[in-house]
Structure formats: C-alpha cells, structure tokens
C-alpha cells in the first residue's frame, strides 16, 4: 500500500465512525442564526457581566460562573474595560517565580526575580534551574541592539510606470510623511521608509521606534495618517490601498522579522565553567556542543526560522504574567541560540530579533500584571528596554536548562517527575 | 552616508547616553550570586506562597502582593500545584465572550459561545464581528482532517555505514518500538516512524496520535521508552543520542509543521453573500479579493510560513482562556487563509495544520479554565476534536473581520476607537 | 533622510537619465507584432538552421554566425533535434577536468576524472584542489540514500466534504492508480501517494522512482494518465484540475525538497588529518570549524534553504558537461555541509537531497555530453546512481576547498589570481 | 507497518543487492591516492589539452575525444584560458532561438530574437509560444528597478561589548571603507553598508553596484580590501574573520535575496485579451486565474521561496547561451508571477529580484557566447540593464506558456509530443 500509514489510519477511523451522508449532513450550511448576537459591551460593569452570563447560561449549563466572574473581578470591571470587550470575568493563570537572576545589561542591571505565568508543569522549574546556573556564573551579559516596529501599507496602481512615479514622489515628500505620521503620537518616530515595488503594487515599509510601548497600535494609527496624506496629496492615485498586507511581520514568524528586526532586538550571553555544567546541569560540555550541532541541523531540516530550542515557553509565560500581547509569541519565538567551547568552559548566547514588550500600554496597567512588573521594579515609563533585556536572559536560561537536560538524557525524566501528580493522560 | 538611517539613529542614541567604559562596566561579568536561589516548590500552599513573597519583598518593594496572591488563589494553591512550580499566585487575564457562532463541523456542531482571554483592546470585538457574520451566513463548515504529534530523537554514529545499518535494524524491529512506546501511555499511538539520515546522524520522526490530550509530554515519555529500547537492543551503538534536536516543530513555526501537520489539522470555510459583506463588513467583495492577492504577495515577500492575517490573536486568547499551552501559539499560528469569488458571493477558508489543543491534561482542569471550557460544553474526555474545530472557525472569524476592515480602510479607525479610553502612549 | 541610501542612489540615477514622459513612452504598450513569429522547427537540418539565421540577420547584424552554426554542428543537426526546437547551432562551453578523485561509494567506487563545463575562472582549480585533498585522504565515502521524483496534481471541488470523499475514494482505488501510471513507462514506479487537503482543494503527492533517467518527463506523463483515470472514474467530479501547481519542488528550491527529497538523495563524507589541512589547504582546523559555526548562522540569518557554501558551482558545471538539465541547479543546490573535529582531524560531510541526474535521457546522448560521461565510464543504462554519488563527492570537494580558502583568508586572492588575465571590469 | 512505503521499498532494494559486509567494504576509506593529481593548467594550448587527454585515456577508454577536443576548440584554447583551468575542450550545447519578442523596456526597447541553450525538448517551443503571444499583445512592459550585489564579511570578537564598539567604529570610518573598497575597481560602488550583530559576531552587509558586469568577483576583491583596512586600522581586533559566511545570497536561493535583491531586480508585465488567450493558449482566463490561486497555495505549502512556475528553465538556457554564470540559476530562479483579471483580459507580471547578468566579464567574450549576445545586439559595455530586462520578459513568456498549458490540460501532452523522437526511458 503506497499511502502513508498515518493517513490510512485516520481514514479508517473516519470510515468507522461516519457515513458519507453523516459527513454531508454535519458540514452543510444551516439557516442563518436568528438569535441576536451578543451586543458589544465596551464599558463593563458587574451588571453587564451578569447580563452576558445570563445569555450564555440560557443556552449552556455552565457550572462555576463565579470561577471566572469572581467578586474581585466584578469590582474591577471598569479597570478592565479599556483592554477588552464583552468582559465576563478573568481567567486565573498560575504564576511561579524564578531568581534571583544576575543580569549585567545595558538597561537591566542587577539581580531580578522573574514572574512566569503558565499551566505547564516543569516550565518554571526548568527556567529556574537555568537562572540559578547563570547567577552562579556571575550573570548574563545582555544588550538591546536595535528597535523598530514595521507597518507596511500597500498601494495598487495601473502599471509599473505609475508605481515608479509614485515611489519617486514618495521619496520627495518623505519629510512630510514623517511629520504627518509623528503628529499622531507623542513617542513614535518614523525612522526608516523603504519602498518595495512588485510591478503595479508598491509597499512602503515604515519602521518606527515606539518609546516604552510595544507599539503595534501606535504604528497603525501613525501609518493611517501617513496613508491619508498620500491619498490626499499624491499626483498618482492608487486604484486600491491597504494599510497592511502581511508585510510587516505582525503576529507571525517571518524572515522579514529576522532581517529587519521587529520590536526590540536583544542579545544575551554567558560563559559556564565545566565544573558548573557538571555539578548543576549534570552534563558534559562536549555533549552539549554535540547537541548544538545536531539541533542546528534539525532546525535547518525542519525549516524552522532561526534555531533555538524553546524560547516560546519562557516568552509566553513572561508575556502573560506582565500584560504583554501573548499573540506576539508567534513572532518573538524566533532567534538564535549558539554555543562555543571557550577556555575549557561553554559560551552560550541567545539573540532574539523580535521581542515585543512595553512597560506602558497594553495589559501592563491591569492590577495583577502591574504587580508582576513591580516584582522586577519595571512598571511604567522608561522600563521597556530593561524588560526586553530580561526577556532575552530569560530565554537564555531556558536554553541552558533544556540543552543540559537533552545532553544528559534527562529531558523526559524531568517531565515525568514534575507532571507526576497528574494522571498521565 | 551609506549606513541605513535607523541604524545610525540607534547609534546616536547610544553615543548620547553611554560612554565606552559605561558599556564595558555594565556588561562585564559579576561575582557569582551567593544568595541561595529560590528552593523549588512543587507542592504549593498558602505558606509556601507567603515564603516566596517574603523572599521577593526582602529585595524589592512590591506594592500589591494581594493582587496576585489573592485569597481565592491561596485557597486553591494545591490545585495549581500540578501545573506549576514556585507558585506565588495567579495573574488575572480578562475574558470576553463572542457568539453564538454557528458551527457545522464533524465534531463541533451547533451554536457556541467562545471565551477569549486577552489584554488587547479591539480583539474580542473584531472576532465577535466575524462570528456574527459567520452565523448570519448559516455557519462555518469545518472538519478535523489529520492529527499527529512528532517527537524526533537523533542518534549519532561513526559514519554513514553505521547510520544505514541502524536504519535497517530499526525498520526490522519497528513493531517492538511501537509496542514499547505505547506501553507508556493509555491513549498515545505511534502511527508513523520515518528515519532521516544526514551522514552519521539518524533522526527518527515518531508521529503519535494523543487521544484527547494535546500530548507533548505523552510523546516525550513514549519516545524516551523507545530510545531506551534502542540503546539496550541495537547492535549499532550510537556515540551520542538526544531525545529531540529541533526536528519536531515543537514550540516553533516550521515547514515541517506545514507539511506533516503538528497536533490537529483543521479546515473551516464559509461563503458570504455580497449583501452580507456590504451590510456587516461595510466592504466590497472585490476589495477583499484584491487584499487577498496583495496579502499573498506580502506573505511571500516577508518569508512568512503560510499566509494569513492574524490567527495568533484568536489562538492566544483561546489557549489562555481554556488552559491550553499558550507557547504553542508559536507553531499553531501558521496556516492558510484563502478567498474566492463564488456565485456573486465570497468563499473564505482557513486551514490550520498545527492546532495544539486538548480537552484533558495541561491547564484544562484548573478552576477558571475548566469553567471556560464548560461555556462551550467541551470539558473533559472526548472533546479535543471539537475544540480543534472551534479554534479553526474562530480563526476564520478573525480573518473575515480583519480582511473586511483592511478592505474598507477601517482597520486603524477601529483600533483608535476601541483603545480610546487608554491614553495614547 | 529616512529612505535607505541605495534606493536614493538608484532614484537619483533614474532622475538624471530619464524624464517622466520618457518612462511612460518606453513602457507603453505597442502595436501587435505583425511580422510572423519564427515557425517552430522540430526536425533541424543545415537548411532549417540557415533559414533561421537569415531571418535573424534580416533584423540584426550578427557578426560570427559560424561561431554558433559551425560545420560540425550543422552536420549533426538531426542528432540535436530530439533535444531542442528552432536549432541555430551550439554554444561551446569550455570543459576542464579534475581528478583522479578517489570515491568509495555504494555505486561509484574507484578513481574518477570529472569533467566540468564553466566559464567562471577559478572554479575548476578550486574543485580540483578539493579533489586532490580528498584523494590524499584515502577518498570520500558516499552512498545513495533515497530516490523519488514528485508530480503533484491538484483537484478543486465544491467544498471540504467533496474533498474528503474524494480522498476516501482515491485511497480505495490506489492500486488502479498505480497500475495506470506505471503503464505509461517501462522504468517509472509510483512508490508513494499522499493526499493533502486544503479545504476545497486536494493535492495528490505522487512519488516515483525513475530508473536511470532523471525522470521529470516520465513522471509528468505517468501522472497525466493517473489524472485521466481519476477524471473518468471518480464519483466526485472536480470543478477544475491541474497536473501540477507548484507543489512538487520542480525547478525550485523548496522545503518540500528538503523533507521529501527530490531526485536522488546522497551523502558523502571524508576525514582530513590536521597535517593535510595545513599542508594542502594552508588552513587550521579550528579556523574551519569557526567558519562552520558562523556560516551556519549566516545561512539561518539569510533564510537560505539548507546550509552550504557553493554547491551550485559544481552542480552547474557538472550538469552542463554531462547533458543533465541545468535548470535543476535551482533545486539541487540545496543541502547540508557539516564539519566536526574528530580525533585531531576534521570530518566533513555533504548531503544533497535533490540531485537530478540521469545516465540516460535528456542531453546524455548528445555527442560531446556522452563523451563527457565516458570520461567517468558512466554512459548509458545502470549508471544513474553512480552519477549521483559522484555529484555529491564533487560538491564535498568544492566545500573543502572554499571553506579552506575562507578560513585561510585566501578566498579573494585566489579569485584575483585566477581571473588575472581578464581585465578587471 | 508504520514506516513510509517508499522508504521500505528503498530498503528492500538495498537488502536484495547488498550485504552488510559489501556496504562496509565499499564505503571504507582507501589508501591515499599516490598517482599525482592533474597539474593545474591555466594557460591552455593544444598541447596542454592533449596532455590532459592522455592522462585520462591512460585510465579510462574514452571513445570520442574529438567530440570535446575538436579542432576549432583546440585553435581557440588560449581564448578560453581566462575562463577555465585544466581545459580539455568544449561541450556543445544546442541553441534554439525564439522571437521576435516585442519588449517595451526602460533599457531594452524593440523586437528581439532570444537565443536559448538547452538539452530539454519542449523548452524552446514553450518559451517561443509565450513570446509569440506577448508580441501579439503589443509587447511586455519591463523595467530594471534596483541593483546591488552583496558581499558580507563576518568578524568574531570576544563578546557583545566588543561587537558593539566595533560597529560604532565602523560607522565612523565608513567613508574610508567606501573609498578603500572602490579603489579596487573602476566600476564597482559601495552603496550601502549595514552591520548585523549576533552577540560576539558582527556581519557587515556590503552592497555594491557593479556597472555592466554581474560583479561577483568585483565585490569579493573590493570587500577583501575593505577587510584588510579594518584588520589594519580597527582598535577592536577580531579573533577571527571571514570574507563571507553564507550571508550574501551568493549561489543560493534565500529570503535575503528576496528582501534586499541580489544583482538586478526587474519586473515585467503584459495584458492579454481573452481572445488571444483562447486562440493562442487554447485556455480560458478563469482557468488560468484558478491555477494562479492553487499554485500560490502550492508554493506556500511546499516552502518555495517566491511563487513562480519555472523561471529556472528560461534562466538556465539564457545564462548558458550568453556566457553568464549558470550556477546563479540557484538564486535567480526566485520570484513572483502574478495574474489578475483586467477589463475582460488577463494581466500577468513576473518580478525577479535576483538576476545576475553582465554584458562584460565572465563568459561573455567567448566566441559563441559573444555571438549569442550579438543576436540581441547586446554585446559589451552599457548593455547589462537591457540584458536583465530581456531575462525578465523571457521568464514572463515562459510563465504564460506553462500556465496556459496547465490551465488547458495540455502540459503533459506537449511534453509527450515534443519528446516523441526520444525513446521514452
């Protein structure tokens, strides 16, 4: 049989559970829903929350409404209103803490406890182990290297000549475009504008610095103003325009993000002695270097962007704990972990070109998230660069721990042990 | 000046704020931390939480401990213990609800309210708008098409001959390997094993189905058993082995995930009438199709994996609300949104090859997360396939809304309006 | 100025040389060409060649027709006719030879001279240097590991249900499909058929072995027969079908090619002593290993598929010399060069998953190309596997030489020296 | 059986033909070759060619030496000497011609016959068909949009601080670096220099314009000078440096090439009437647009860089015919073919960011290659831009023809018919 085995297995399962007419019936289009949709609620209150739950409970038996709509949340409904619509409560994500991690950074400099919100057993323990080793090694060096958030509008013209003439005009008025964009924001600066032509389509890659915010909304609003200026002033009228068309790396891993950076680019490193590797990772440096070689090949074979083991774990836990945009894990979890033998020890670095964090804006002012930021002393204006540096060191800690576990053959055992209290599914 | 402008700007900023000796001083290695690291706490209690906070507060002034370590969380510390180490409380992520969404799926079939946890204004409103339109169109068709989670151990040999002989042996004992792996789990099944040789390195791509769990731990433990069998029995002794080396798509976007699928592959679609597009999206079908063409080009130009607008937003919000592994947004946020003119209307589809969800395991039994699952009637065994189908429809709703906004030129305005209560940063 | 400097420079150049009306005038559509196009000539002769040249020379003054249409070529016009249309002569590509290269392969085993056709100075010298070193090291080990050429038809249906039912049907008749496809060819075998669904579209990845031909035409014809069977027999009628839609890796680098292999997958390796590296590459092993680390990072940063230095050079020269399809350099030039310190020496391997070579078919029977194959003793049936192994060793030789030159800092000097007779442009 | 079928088949074949000891014996390292390697011959002559053949024929019976070492080639041995080492003759690649193609370009403007060197039946006929249609449509619009060739040296330092200080220094002396680089060449200009830091490694992306040469050697020599300046002058001493480390897109498809362009970026387009599509492609516009949608998906699913059908075919044939570097097909065969319905007709465009052509240098002065350039009137200085535009139009012609054939279901038939004279292998 020349059909791959896992596909046959899936088909057998479907054939056993489903007739053709079942399938047709289940997937066919129904009548339009006539029940009114939920009315968008922007200013939440205990009443609006109750209203939404009544509506839900009219259809579904939900035991435990109060687990989401607890009294404390109800009391703070207004506070949450600028961050969400149709609020029905809060989900409680457990937070663990690691540290103190010694960080020798341009912007983050000192010993930090780091809060991590996750529901995955072993994650906090693993990052904590890496943090402990980094601290025993005298801390990780780290620096913010670049920053910039893209927003890339697209303009469609009749033909290539119009595209060319449009680009010509844009570069002549680029100072006006910069001024117009920057008038919409106190902190955003348009620092680069690069036109890209594909025949009748012109993209303008607009790159902004965004102060202490992660800045995605800021650059959208600024770019909209820039586009309105173009639409009003350009002698070449586009037949269509879009403020964005998948060419800014927003909410997705991309090579663009690797090459141009998205958000903040940070690099962190540490050198571990052979003794520390042995005593605390229970691994040998040679095995870790071998892992590095094989994992590099694995990254290339699997068509991964960058090459790293599990940045996403630390990033998601940190982003959720501190009110960052967790969807940005998609683009942030791209980077480069490297290792090298150095004077009998092991040099490790982690470079992340796409860290999206802010110390203001987004979820950073929500009560528990702000408290989490305060654990690091990084709430409010002036702290975004330090936050980004902590993120990079955090990811470095996670890489040290997992690579050590892989090299020692302990990876599966750690997961078995730390998930021991759960029934294995 | 031939250096790009944004790089010059960054350098100017650094030169203005930092001397060379500052930089050297801040990044140099410090003494080892001598303070003891946090002791790993696995069985949390109100006392252990208090102990951790005391330790933190000894170093940092944290106003608002109780925002994280609230009484309800303290009372449930033991419940959280199987999901996290070093628990200090919970972060409260606001949850909004959208729906009812009419879903015509193989596994999810009916009208659903969907909970979304996010701190990003406009997200719930935007997905809700898409859900409303889908429901007015008679619902989205959706089906789970494939499932499988990879774990890919690597074995290093002396040379190519050993690699080849090892593969030969592996395929001869593949039934033993399957049995050994499956003995570690009640639900996991090894459904495919594919060897890949790169000279002296052999990878074994082990693909499992994982029942109603998302299954990452399950496949790790099963593969560890498989590896132990190999190490004990193989006539060819590897000089090194690793249970994983970046070749399973775990926690990272990859082409491997696109081609082999990771977790559950689901495809959803809907056809919207021109009238519905006009009345509820305030857009024209032609503009949306033009957006599709341009966005496809944008995806290719930016080196995105797949082509879609913002699956990550819906995924992150859904994963956090329902106790899934939010780090998996990194791999799940890859997929294919397509549009086509159909009989005067607009066909849209969203296909996600890498949905990682479970209705058991992970954070699904935590109090508020389980309550969120109950809103959809999808708590517990037998519900993972339906959850995956809901995720795909959710992403389709998000695409409809954002593409409509792009096509109508409303995207920036929606963000301005819904984030209006925040001071613009 | 925030526009990147090279873009400004290009615009300045255009502004200086071109007015807007020039641009509009030059690019505007002209009248249809009324002169008759060249009549397609399939059976070439001295007369047909003369006719084409007269037509060309009526429009353009071409000095040196006889350099292309030389007497020997005119005399062999009929021989060329099965390989080209509208023949006007031949282009003479200089051929250099390297070797003897000691090859310890499953299929190629012995000492080989290898012919390389190129117009790039230094290429033959560089590959020859690598070959010399490999031979001094006792030869390269090499083995053909896998083979298969994909052709992937696409079928468009009304919806997902039809797609699913179609796949169900296809897997039920897969033996008929295999038989139908294989009836069109004496040597091709359909060894795998994998369906991939994206909602209303079904792709069937058909993988063939192709005997001693490279096989692209063979698999096209076989798959056309398979498709005709489907169109005639399938209870589900596609609304559209295409025999191919960019999903087989044909004539393009792709991750599909990396993961599934295209053509023949071969891996070659050699271990060099430190002394040999020093005496013949004038480099240090440590420097070469450092290069390997940095080049791996460079490959990942630049979004290269695989990681290697310059396979394309050897591949193009070999393909042209031996009558292979030179366009396949696009997909073949993807692979993995690895290095490792081993017992004081340096292990190097080259693994190419996408080698497209045949010892029959294509240009292999043309006079000079067949003579080139005879230099290796590899003309005609039964030699394709050996050819593929020689290609991999050739690429390994090229990597050794260039990496050595990079590590020794000689790369630019070699190019300066070997191109010395040309006026530097 | 859970091992994929094609892998089992390969293993069965190996087991049937090979014992374990055979495999071990064939792949084991042999003694060092003691026969002297071919002496590098740089100044070729009839005598040197005879010497090489004698050496080859001492080992191998090669019937037909004169097919490669024909009298005309022997007479021009010296002419070939600046392009190759160890010359033994020439391989004769058949050349077909298409046209006249009407080209409405910024630099190429008029009707052109285009020579194509290939051994693949149907290629010239297919491109000729596309050319005929383009000419009947009034010609293709085309423009050179950008140019630049990267060479990217890497410098390794002790740590991140040194990397940062090095970049600081580089940007301060960038005018000196530019001057130093440009002193090595009459035509090359360093138009951009972009530093990229990954912790202790600094890459400098040096982008040059290269006059009428394709320029790879020119930029290598210029960058070597730049590096020597750095090594002599930099206050920060790198512990290692490499003139290149896989970060310039040289001889490989890469996302870097897509985003930064490599060589010349050109875009071409044409609009075909429905009648022309029907009468000359025998296809329907709707079917071609459907193909476009599906092929875009295929490109994304297969992890192709860009999305196009078969640029490589035309590129390889043109590069070989005109003395370009055929190895550059690897990077040039990346681009974007788009289609759109326009006023009842079909708009098609082809955009190639990485065309590597010169009208001087490389193989352009060799006898038959120069004659091929003269067919287009594009030999010598001042013609590179026009050459690049012709390449883009050529690729557009090829896309039109193949997409038409796919849409009409004729693709396989054309190949069967045009390869009819060959025995099907």
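Residue numbers (the numbering used here), protein chains in the order written: chain R, 204 to 628; chain U, 204 to 628; chain X, 204 to 628; chain H, 204 to 628. Cβ coordinates follow ideal geometry from the N, Cα and C atoms, glycine included.
Residues near residue i in its chain [Cβ-Cβ closer than 8 Å; skip 5 each side]
i: residue 601/H; result: 329, 330, 333, 512, 513, 514, 516, 517
i: residue 499/H; result: 510
Within-9 Å CB hit, residue i to chain U
i: residue 365/R; result: no
i: residue 322/R; result: yes
i: residue 352/H; result: no
i: residue 346/X; result: yes
i: residue 442/H; result: no
Of the residues the options, the one placed nearest residue i, counting alpha carbons only
i: residue 400/X; options: 462/U, 402/U, 447/U, 563/U; result: 462/U
i: residue 364/X; options: 590/R, 223/R, 285/R; result: 223/R
i: residue 535/H; options: 468/H, 436/H, 387/H; result: 468/H
i: residue 215/R; options: 477/U, 349/U, 263/U; result: 349/U
i: residue 492/X; options: 417/X, 311/X, 566/X, 606/X; result: 606/X
i: residue 566/U; options: 359/R, 320/R, 413/R; result: 320/R
i: residue 268/R; options: 300/R, 305/R, 287/R, 292/R; result: 292/R
i: residue 450/U; options: 575/R, 438/R, 290/R, 506/R; result: 506/R
Residues of its chain near residue i, where Cβ-Cβ distance is below 6 Å and the 5 sequence neighbours each way are ignored
i: residue 550/H; result: 474, 543
i: residue 502/R; result: 510
i: residue 154/H; result: No information on residue 154/H is available, as it lies outside the stretch 204 to 628 that chain H covers here.
i: residue 591/U; result: 347, 467, 469, 558, 560
i: residue 416/X; result: 561, 563, 564
Interface flag, residue i vs chain X, CB-CB below 9 Å
i: residue 509/R; result: yes
i: residue 628/U; result: Low confidence applies here, because residue 628/U scores a pLDDT of 38, under 50, leaving its location unreliable; read the following figure in that light. By this cut-off, residue 628/U is not an interface position.
Beta-carbon contacts of residue i that lie in its chain and below 7 Å, excluding the five residues immediately before and after
i: residue 407/U; result: 355, 356, 373, 396, 398
Contacts of residue i in chain X (Cβ-Cβ under 7 Å)
i: residue 459/U; result: 462
Counted within 10 angstroms of its Cβ, other Cβ atoms place residue i as buried (16 or more) or exposed
i: residue 504/U; result: buried
i: residue 297/H; result: buried
i: residue 458/R; result: buried
i: residue 421/R; result: buried
Interface flag, residue i vs chain R, CB-CB below 9 Å
i: residue 449/U; result: yes
i: residue 467/H; result: no
Closer than 9 Å to chain H by CB, residue i
i: residue 487/U; result: no
Beta-carbon neighbours of residue i, restricted to chain U and to distances below 9 Å
i: residue 374/H; result: 204, 206, 210, 211, 214
Chain H contact residues for residue i, given Cβ-Cβ distances below 7 Å
i: residue 554/R; result: 401, 402
Contacts of residue i in chain R (Cβ-Cβ under 9 Å)
i: residue 371/X; result: 214, 217, 218, 223
Within chain U, the residues that residue i reaches when beta carbons sit closer than 7 Å
i: residue 356/R; result: Simply none; closest approach about 10 Å.
Proximal chain H residues relative to residue i, where beta-carbon distance stays under 9 Å
i: residue 539/R; result: 401, 402
Chain-ordered neighbours of residue i on chain H, where CB pairs are closer than 8 Å
i: residue 362/R; result: 344, 472
- Compile a chain-ordered list of the residues in the region 382 to 397 of chain R whose CB is closer than 7 Å to at least one CB of chain C. In the structure shown, chain C cannot be found, because the protein chains are R, U, X and H.
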